[in-house]
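Written below as structure tokens is the structure these notes are about.
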Amino acid sequence: MIENLSTTQQKTDIQSTELIIQPGVDMDALIGTPHLFARYCDTREGFTIMPIGVMTMQPDGRVTGYSNPNEGYWKPYAYGSVDADEAFVFVGADNKFIPSSTWQQTLGGMPIGYYCSEPELPQKLCLIPHTQTTGTEEIVYVIASCFSFYKKIVPKLIKELLAEGISHERIKVVVNGCNEDNDETIDGVSYAFSKHNAWELTALYEAPLRWQFDYAMLIHDTNEVYPGFRRKVESFNRHMQWDHLPATPFGRCLLGLYSFDFLLSTNKWLRKIDGISKNDAIITEVAGELLHRAKKVLIMGDPESNGGARQTEWRERGDFFNSGTQRVRRVFPTLNLHKFTHVDWSDGLSL
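For what it's worth, our numbering labels the leading residue of the sequence shown as 20, then goes sequentially.
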């Protein structure tokens, strides 16, 4: 291994940092400043935030940069557990006085609100200061591949990443299912050959052991990158050091950004699932094991959709690799990233 754990353990362990709900909202910091409006969901180990859009609460009660009847206006709120100058409500655009959500608490600098319209039960919302990456974060792009196919399909993906302006040094390839562990540099790109064999999960296992970074963007060798991919990946909100920034609300295909600290904290579990079957690997993905193990998760938002999160989209099917195997195109619009997924499970281990 290039790095040994004695060095990496010296990094700050964000997993031990606890966030505590505080009463009241700092209205001076909130009014007139763009914030990411989002849904907040408690998870097994922490919370997940799903962006809805970027808004600004103006001093005169208007809400700009975002448009929904539920958040037509904002007003001070005098009937809760804190003073009126530390709380507010969003009110409907039509009636202009009935609240759609009440806001009286703060978590880690994020105002926390509760949606209060029928027929739903109270649901948490949050407003995150709209601070984006500064360019100082060290982001690497980790391609998950396997020994049987990496020579055939990885070079094309590397060319697409290079065309996005991503340097050779920031592209990393993890090849699972090898006969021995090894590190090589091929055409300026670092390859980690691994005996560990857990499909894309192997890339998450090996990345913090082989390389240093702040965040790793996991992609598959069956992905295709379209113009704008890098810009979208690297424009994420940096209000907190997030454990995980998945490309979709449920973290489909494990695609997204992972912090170094978070991957290191999951390394013991990832090592234990060496040899997992493809079926079981898919089960752990769909069950959201990586999401539930993280303490702070922010779903990636699409800058072209006012910062809101987007689902995957299914497109046409075809033999995209000229291998006789039918696949379907699955589009991740938040990132301008496409993936070719097997149509029939009987072909699941084929290219």
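Ideal Cβ positions, reconstructed from N, Cα and C, are used throughout, including at glycine.
6 Å Cβ shell around residue i - same chain, five flanking residues per side excluded
i	result
residue 90	82 and 109
residue 264	255, 275, 276, 317 and 319
residue 169	194
residue 73	53, 55, 84, 149, 325 and 326
residue 196	165, 166 and 216
residue 142	134
residue 25	Annotation note: pLDDT 39 at residue 25 (below 50); position unreliable, coordinate value reported separately. Here the set comprises nothing.
Delimiting residues of the alpha helix (DSSP H) encompassing residue i
i	result
residue 305	297–305
residue 284	279–284
residue 48	46–49
residue 312	308–312
Sheet register partners of residue i (DSSP bridge)
i	result
residue 146	56
residue 337	346
residue 152	Note: residue 152 sits in no beta bridge, so no partner.
residue 161	191 and 237
residue 61	66
residue 351	356
residue 40	126
residue 253	None, per the DSSP bridge assignment.
residue 275	237 and 265
Pairwise C-alpha distance: residue j and residue i
i	j	result
residue 185	residue 249	8 Å
residue 354	residue 267	10 Å
residue 34	residue 283	Confidence in residue 34 is poor, its pLDDT being 39 and thus under 50, which makes the residue's placement too unreliable to answer from.
residue 102	residue 96	8 Å
residue 66	residue 137	24 Å
residue 46	residue 177	47 Å
residue 175	residue 242	10 Å
residue 27	residue 299	Confidence at residue 27 is low in this model, with a pLDDT of 39, below 50, so its placement is unreliable and the value that follows should be read with caution. Whole-angstrom Cα-Cα distance: 30 Å.
residue 41	residue 146	14 Å
residue 251	residue 307	23 Å
residue 291	residue 272	20 Å
residue 225	residue 296	18 Å
residue 258	residue 129	9 Å
residue 76	residue 98	20 Å
residue 118	residue 62	27 Å
residue 230	residue 70	30 Å
residue 180	residue 133	41 Å
residue 115	residue 92	7 Å
residue 172	residue 240	6 Å
residue 335	residue 221	29 Å
residue 305	residue 330	14 Å
residue 105	residue 127	16 Å
Residues near residue i by beta carbon distance below 8 Å, same chain, minus five either side
i	result
residue 78	50 and 51
residue 207	187 and 188
Endpoints, the beta strand (DSSP E) within which residue i is located
i	result
residue 69	66–76
residue 317	315–317
residue 361	356–361
residue 264	263–265
residue 322	Taken as a continuous stretch (DSSP letters only), residue 322 belongs to no beta strand (DSSP E), as it is neither H nor E.
Cβ neighbours of residue i in the same chain (closer than 7 Å, five flanking residues each side left out)
i	result
residue 30	Confidence at residue 30 is low in this model, with a pLDDT of 40, below 50, so its placement is unreliable and no value can be given for it.
residue 100	42 and 123
Would you mind listing the beta strand (DSSP E) stretches within the segment 163–247 that are 3+ residues and don't spill past its ends, in chain order?
190–195, 201–205, 208–212, 234–239 and 242–244
Runs of beta strand (DSSP E) wholly within the segment 79–142 (minimum 3 residues, chain order)
92–95, 107–110, 118–126 and 129–134
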